[in-house]
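J.:
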Amino acid sequence: MSFRVLDDYPRRAHLEFFRARANPFYSLTFELDATRVRARARELGASTYAALVWTYHRALSSIDAFRTRLDGERVVLHDALRVGMTVPAPRRTFTFATLDWEPDAASFLAAARTAMAAASTRVDLTGGAAPDFAYYTALPLVPFTSFAHVPLPDPAAGQPETAFGKFREENGRVVVPVGVLVNHLYVDGADLGDLCEAARESFASAF
1 MSFRVLDDYP RRAHLEFFRA RANPFYSLTF ELDATRVRAR ARELGASTYA
51 ALVWTYHRAL SSIDAFRTRL DGERVVLHDA LRVGMTVPAP RRTFTFATLD
101 WEPDAASFLA AARTAMAAAS TRVDLTGGAA PDFAYYTALP LVPFTSFAHV
151 PLPDPAAGQP ETAFGKFREE NGRVVVPVGV LVNHLYVDGA DLGDLCEAAR
201 ESFASAF
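Under the working numbering, think of the first position of the sequence shown as 1, with each following residue one higher.
#1: Closer than 7 angstroms: is that where the CB of Ala115 sits relative to any heavy atom of the ligand SAH?
#2: With distances taken from CA atoms, which of Ala46, Arg19, Glu43, Thr121 is nearest Arg91?
#3: At a cut of 8 angstroms, does the region 22-36 reach the region 73-88 through at least three beta carbon pairs?
#4: Under 8 angstroms between the Cβ atoms of Leu195 and Ala134?
#5: Are the CB atoms of Leu6 and Val87 nearer to each other than 8 angstroms?
#6: So, do the region 140-154 and the region 177-188 have three or more beta carbon pairs nearer to each other than 8 angstroms?
#7: Going straight from the alpha carbon of Ala46 to that of Thr35, what length do you get?
#8: Tell me the DSSP bridge mates of Ala156?
#9: Near Ser2, which residues of its chain fall below 8 angstroms by C-beta distance, leaving aside the five closest residues on each side in sequence?
#10: Within 10 angstroms of its Cβ, does Ala112 collect 16 or more other Cβ (buried), or is it exposed?
#11: Mind checking whether Gly72 and Thr98 have CB atoms under 8 angstroms apart?
#12: Please list the terminal residues of the continuous alpha helix (DSSP H) segment that includes Gly84.
#13: Just to confirm the assignment, what range does the alpha helix (DSSP H) spanning His57 have?
#14: If we ignore side chains and look at the alpha-carbon of each, how far apart do Tyr49 and Ala138 end up?
#15: Could you say which of Leu52, Thr93, Asp188 lies nearest to Tyr136 if we only look at CA atoms?
#16: Expressed to the nearest angstrom, what Euclidean distance is found between the alpha-carbon atoms of Leu141 and Leu15?
#17: Helix or strand or just coil, what does DSSP make of Thr162?
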């Protein structure tokens with residue numbers, strides 16, 4: 001877990017403003033064109049879910065706000081974010097698979113295949129608690145237009161949470177709804193705008 005301290009953090013006043021709130025978390029839902037991502041996953045025989053995660057996480061990680069956390073009273077910027085994914089487990093439950101971020105798509109997708117298969121054999125909800133994580137889940141049968149995540153119990157927690165919903169065919173495109181939860185201590189509306197743009201670009205180029 002590597003990070004650097006932001007001694008001259010420009011949003012310190014905003015962080016303290018939202019830190020005083022009982023619930024500083026908020027959500028946003030938007031859509032992405034997943035046509036190319038799904039096609040590439042099928043070509044490679046990879047998990048479409050893992051492909052969505054990799055393509056989106058590339059965009060998320062490119063924006064400092066989503067890697068910013070509190071470490072005691074210090075504001076820090078993590079060099080990279082690890083990935084936590086929900087995975088189906090026995091008896092209609094779920095479990096967590098955790099992976100290190102890998103900028104090479106093929107390497108990440110191969111690691112995800114192994115991690116997801118291993119995780120699916122048991123229920124283990126202890127992984128991914130460290131601050132240098134981003135969390136992902138998928139609801140492939142649910143065509144949502146709004147999504148509310150369950151926030152972490154620590155009101156200073158900065159791990160972003162993202163859900164992918166049911167694909168929709170539209171004018172020859174494959175569209176996926178994306179529900180995001182962030183903490184206003186670190187992430188403002190402008191940062192979410194940057195995320196939307198970066199994610200659209202990442203999905204357009206895919207891998």
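All C-beta atoms in this analysis are idealised placements derived from N, C-alpha and C, irrespective of residue type, glycine included.
T.: Looking at the atomic coordinates:
#1: Inclusion of the ligand SAH in the displayed structure is not the case, the ligand content being empty and no account of it being possible.
#2: Thr121
#3: no
#4: No, Cβ-Cβ distance for Leu195 and Ala134 is not below 8 angstroms.
#5: It is not a contact, given that the beta carbons lie outside the stated cut-off.
#6: As far as the Cβ criterion goes, the region 140-154 touches the region 177-188, which means the pair count is three or higher.
#7: 15 angstroms
#8: Per DSSP, none; premise fails for Ala156.
#9: Closer than 8 angstroms at Cβ, skipping near neighbours: His78, Asp79, Ala80.
#10: buried
#11: For Gly72 and Thr98, no; Cβs fall outside 8 angstroms.
#12: That residue, Gly84, is in no alpha helix (DSSP H); its beta strand (DSSP E) goes 82-89.
#13: Element bounds for His57: 48-61.
#14: 7 angstroms
#15: Of the candidates Leu52, Thr93, Asp188, Leu52 places its Cα closest to the Cα of Tyr136.
#16: 37 angstroms
#17: strand
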